[in-house]
Amino acid sequence: MAPTVLCSIVSAEEEIFSGPVEMVVATGTIGELGILPGHTPLLTGVRPGPVRLILEGGTEETFYASGGYLEVQPTSITILADTALRAEDLDEAAAIEAQKKAEQDLADQNSDIDFARIAADLNEQAAILRTIRRTNLGKKPGKDRSNDL
Numbered sequence: 010m011a012p013t014v015l016c017s018i019v020s021a022e023e024e025i026f027s028g029p030v031e032m033v034v035a036t037g038t039i040g041e042l043g044i045l046p047g048h049t050p051l052l053t054g055v056r057p058g059p060v061r062l063i064l065e066g067g068t069e070e071t072f073y074a075s076g077g078y079l080e081v082q083p084t085s086i087t088i089l090a091d092t093a094l095r096a097e098d099l100d101e102a103a104a105i106e107a108q109k110k111a112e113q114d115l116a117d118q119n120s121d122i123d124f125a126r127i128a129a130d131l132n133e134q135a136a137i138l139r140t141i142r143r144t145n146l147g148k149k150p151g152k153d154r155s156n157d158l
């Protein structure tokens with residue numbers, strides 16, 4: 010049996026995961042991180058995107074996290090996110106619609122537009138879609154979606 014470490018994913022509203030994992034893969038402010046048991050202590054910001062957990066026995070569970078912090082301690086990994094959801098709870102149609110709206114807002118070139126906010130919205134919707142598509146890779150045999158990432 011592979012070694013494990015306790016992992017918790019907590020949003021502003023609730024704890025959405027707590028349990029032993031063999032590995033955590035998440036995107037921090039310093040890039041994508043692969044965290045195994047025994048990783049050196051670390052604190053980093055969380056960028057919008059998928060969080061993959063390799064559970065005991067090798068099964069994988071995917072979440073979406075945005076904002077907040079990821080902390081690694083000798084016996085635990087904690088993700089305190091502004092937004093954290095199970096990948097299966099994400100709405101692909103809503104994310105595509107929000108992405109289109111943000112793209113339209115950017116194209117309007119109206120001087121009253123908050124470009125930084127719109128760019129952040131666009132980035133977040135793209136991260137949600139990456140998470141959904143990454144999760145769907147395992148659900149659709151025979152369909153290569155590797156170019157979608």
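Under the numbering used here, the residues of the sequence shown are numbered 10 to 158, in order. Note that beta-carbon positions come from the ideal geometry of N, C-alpha and C, so glycine has one too. None of these values were measured; they are calculated from a predicted model.
Buried or exposed (CB count within 10 angstroms, at least 16 for buried), residue i
i          : result
residue 50 : exposed
residue 28 : exposed
residue 32 : buried
residue 11 : exposed
residue 57 : buried
residue 84 : exposed
residue 72 : buried
Minimum Cβ-Cβ distance from residue i to chain D less than 7 Å
i           : result
residue 128 : Judged by its chain identifiers, the structure shown contains no chain D, having just a single protein chain.
Nearest candidate by alpha-carbon position, reference residue i, set the options
i           : options           : result
residue 136 : 37, 117, 44, 43   : 37
residue 30  : 64, 104, 57, 124  : 64
residue 115 : 96, 130, 104, 105 : 130
residue 91  : 74, 24, 123, 109  : 74
residue 78  : 19, 111, 72       : 19
residue 80  : 140, 34, 144, 142 : 34
residue 82  : 100, 44, 103      : 44
residue 108 : 61, 139, 85       : 139
residue 69  : 112, 95, 21, 128  : 95
residue 141 : 39, 23, 105       : 105
residue 144 : 76, 100, 40, 128  : 100
residue 163 : 93, 14, 111       : The first residue shown for the chain is 10 and the last is 158, placing residue 163 beyond what the model contains.
Alpha carbon of residue i to alpha carbon of residue j, nearest angstrom
i          : j           : result
residue 54 : residue 42  : 11 Å
residue 47 : residue 16  : 13 Å
residue 59 : residue 133 : 11 Å
residue 87 : residue 67  : 20 Å
residue 25 : residue 126 : 27 Å
residue 62 : residue 103 : 25 Å
Residue i in three-state terms, based on DSSP
i           : result
residue 48  : coil
residue 39  : coil
residue 161 : Given a span of 10 to 158 for the chain in the structure shown, any question on residue 161 remains unanswerable.
residue 99  : coil
residue 139 : helix
residue 13  : coil
Checklist entry - Counting only runs that start and end within the stretch 58 to 108, where is the alpha helix (DSSP H) found for 4 or more residues in a row? => result none
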